[in-house]
DNA sequence: CAGTGTTGCTTAATCGTTTAACTAAAGTGA
DNA sequence: TCACTTTAGTTAAACGATTAAGCAACACTG
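In structure tokens, the structure reads:
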């Protein structure tokens, strides 16, 4: 078996034509006769020719690689977004390189450097929890590489963004909980410096006021939103003199931690305390009781992100500017908030 | 700001030396004076030089990219393996391209083609559930590219493999369940054509015999091991005349489905029926009751896979051969199998 | 039949980096 | 001083594909 890889040179030699003719034949250039094209393709198949992507990328100045930066892949939201990005881009001849930041700003920067070094044609990213400094992302922009943000974005970067309406989502949740008769609703939110979590917090506060419910500083807690921190913050709420009768947690993972603590304390969910999460992770339908949550339309977000990137490639003079595509999220009501 | 990218040519011009000298200086070649090296590095920094990875990869015939093929990324096992592969390889200057097959053989093949096209230096893979045809993988081997398999492997490929001892794991589980007093233990296993699931099944059968427990064909069921199928197969077991008093499920996801069905039928876990899963996914510690499971040492597997790849690169004449690295799995006993 | 197009290729430069082979200058030892 | 080694570079040819420019050969037109 041929150990060395076949190049267009081999094909050219076999047919006694130039490598240029071979290259054009393989790209169906109109200036090559049908006869030659067929001959070239036949030989290419026989020799098991596979184009050297590096060479063509170098010559054409584009790699057909798109970098994806996510906080982690082992959440259903991100893995579903990624899957859909991949599906759309593969069809157009692009491949994706997935990197995870593990919510670390340092890792995120290193990942971005890696992607730039690999000469990706674009980057689709969702920011780490830690990220406040935007230098890394500015660097991408300054290189003239399309940058598309989703879910965890930042207006100040002035780039395309795809996400859901977090502010409205909070309203939907509070609306639902008040309908269930809840009067003292707490919120375990994310860090305020992250725009989406801040929007959820603002939505929570405004909705509480709108429904003329008590606003109590003790009921609004910032959290890293891990399962472990969800446990801690829920315990904190239970330790209050005046306990809430409902808790809205800005992430399903943290909500899961909260759920465990409630059960360990033999608290009746939802009758003593109702619980609503965020993200509609598959496990929300699997725990007992099943957990109400917000569906973020991950598939749609992935598709839109990929299509937005493609728009940038197709439109050469398209300049980066703040262009938000906001999807309307959907509240999935399950047992954890259905008060009898 | 410089819109065009800086190349070694720019550095060479700035210092009136050759590009060769610049290249060598940047690689700390011994034949370049310290003075020149320093000057080159200084100018490189000033001009914000970033090496063109494509060019160097083309010239050196290696891309420093490693492809990873997994069934999916949104399981803790795979995402943890990936994270550890990445950690080890990044340190050595390699980047990884992650692709998911979604358990589809077709997608797996396309992913592999993509990776080969991208000129990866090696591929680390875990096979899709569907995969029985090994042509795609033979293709990798025939190109002379190192292939390392983990978890879902296949002896016939004669390549490196890293995994746990599935056969022994089954023994551990049956041992534990009999100690708890279980006498009629069922197994919801994976498809027999997948080696690891077959090993778990063989382990189950042999352990049952060893403990002189009844072997009943109705107690051994093959499954796709999704949560949904776990529900179906558990229901099937409940419909039996003579129900089991323990069920060992070959995947945590399917075990979760089983757990739901048991709860819906108001069956006391573990006292009526004990339950053990496989994989030690984080949710096993979060559901009620917490689910006993097998820790597969994902971090260790990722590290070993990466290190095995590096061994192939370092040892030029290392030929591909069946070399198994088997880790001893650990049984994590939780409430679902602690009979009072 | 000269002029103009069209067809179907070839030539050669190019992308940015690496590296084998060469060279000039300086240093070393007897 | 001569022969030899060491040092610090330079030159030029790759790597494999793409593409602008060139050029035969033939067809067509008025």
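Protein chains in written order, with our numbering: chain A, 1 to 340; chain B, 341 to 680.
No residue lacks a Cβ here, since even glycine has one placed at the ideal position from N, Cα and C.
CB residue i to CB residue j, shorter than 7 Å?
| i | j | result |
| --- | --- | --- |
| residue 152/A | residue 127/A | yes |
| residue 446/B | residue 412/B | no |
| residue 294/A | residue 331/A | yes |
| residue 54/A | residue 398/B | yes |
| residue 458/B | residue 389/B | no |
| residue 309/B | residue 590/B | With chain B running from 341 to 680 in the structure shown, residue 309/B is simply not present. |
| residue 181/A | residue 339/A | yes |
| residue 473/B | residue 443/B | no |
| residue 224/A | residue 233/A | no |
| residue 592/B | residue 570/B | no |
| residue 463/B | residue 503/B | no |
| residue 149/A | residue 125/A | yes |
| residue 307/A | residue 76/A | no |
| residue 288/A | residue 628/B | yes |
| residue 158/A | residue 318/A | no |
| residue 169/A | residue 329/A | yes |
Which of the three DSSP states, helix, strand or coil, is assigned to residue i?
| i | result |
| --- | --- |
| residue 611/B | coil |
| residue 335/A | helix |
| residue 211/A | coil |
| residue 240/A | coil |
| residue 169/A | helix |
| residue 357/B | coil |
| residue 246/A | strand |
| residue 190/A | coil |
| residue 664/B | strand |
| residue 500/B | strand |
| residue 356/A | Chain A is shown only over 1 to 340; residue 356/A falls outside these bounds and no answer can be derived. |
| residue 378/B | helix |
| residue 256/A | helix |
| residue 515/B | helix |
| residue 627/B | coil |
| residue 307/A | helix |
| residue 561/B | strand |
| residue 670/B | strand |
| residue 405/B | strand |
Please list the partners that residue i has in chain A, where partner means a Cβ-to-Cβ separation under 9 Å.
| i | result |
| --- | --- |
| residue 416/B | 74 |
| residue 627/B | 283, 286, 287, 288 |
| residue 641/B | Within 9 Å Cβ-Cβ: nothing; residue 641/B doesn't reach chain A, min ~15 Å. |
| residue 444/B | Near residue 444/B there are no residues of chain A at all, since even the closest Cβ is about 12 Å away, more than 9 Å. |
| residue 603/B | 288 |
Among the residues of its own chain, which have a CB less than 6 Å from the CB of residue i, if the five just before and after it don't count?
| i | result |
| --- | --- |
| residue 290/A | 334, 335 |
| residue 424/B | 639, 642, 643 |
| residue 2/A | At residue 2/A, the pLDDT of 41 sits below 50, so the modelled position is not reliable; the number obtained from the coordinates is stated separately. If we look at residue 2/A and ignore the five residues flanking it on each side, it has no Cβ neighbours. |
| residue 62/A | 121 |
| residue 136/A | 109, 112 |
| residue 419/B | 413 |
| residue 81/A | 298, 301, 302 |
By the criterion of Cβ-Cβ separation under 8 Å, what are the contact partners of residue i in chain A?
| i | result |
| --- | --- |
| residue 403/B | 54 |
| residue 454/B | 90, 95 |
| residue 397/B | 54 |
| residue 685/B | Not covered by the structure: residue 685/B. The range shown for chain B is 341 to 680. |
Show which residues of chain B have a CB atom less than 7 Å away from the CB atom of residue i.
| i | result |
| --- | --- |
| residue 274/A | Those do not exist, as residue 274/A stays about 18 Å from chain B at its closest Cβ, beyond 7 Å. |
| residue 256/A | 626 |
| residue 98/A | 438 |
| residue 260/A | 626 |
Does any heavy atom of the ligand SAM sit closer than 6 Å to the C-beta of residue i?
| i | result |
| --- | --- |
| residue 359/B | What this structure holds is no ligand at all, so the ligand SAM is not there to describe. |
Using a cut-off of 9 Å between C-beta atoms, extract the partners of residue i located in chain B.
| i | result |
| --- | --- |
| residue 199/A | Correct list: empty, because the minimum Cβ distance to chain B is about 25 Å. |
Only counting the same chain, and skipping five residues up and downstream in sequence, which positions put a Cβ closer than 8 Å to that of residue i?
| i | result |
| --- | --- |
| residue 549/B | 555 |
| residue 12/A | 18, 19, 21, 22 |
| residue 52/A | 5, 7 |
| residue 64/A | 53, 57, 93, 94, 95, 121 |
Quick one: list the residues of chain B neighbouring residue i, beta-carbon separation under 8 Å, in chain order.
| i | result |
| --- | --- |
| residue 227/A | 622, 626 |
| residue 50/A | 456, 457 |
| residue 296/A | The contacting residues do not exist; residue 296/A stays about 14 Å from chain B at best. |
In chain order, what residues of the same chain have a beta carbon less than 7 Å from the beta carbon of residue i, not counting five sequence neighbours either side?
| i | result |
| --- | --- |
| residue 386/B | none |
| residue 650/B | 432 |
| residue 523/B | 553, 585 |
| residue 218/A | 240 |
Starting from the N-terminal side, write out each stretch of the beta strand (DSSP E) that is 3 residues or longer and does not extend beyond the segment 75-149 of chain A.
Counting whole runs of 3 or more residues, the segment 75-149 of chain A contains the beta strand (DSSP E) stretches 95-100, 122-125.
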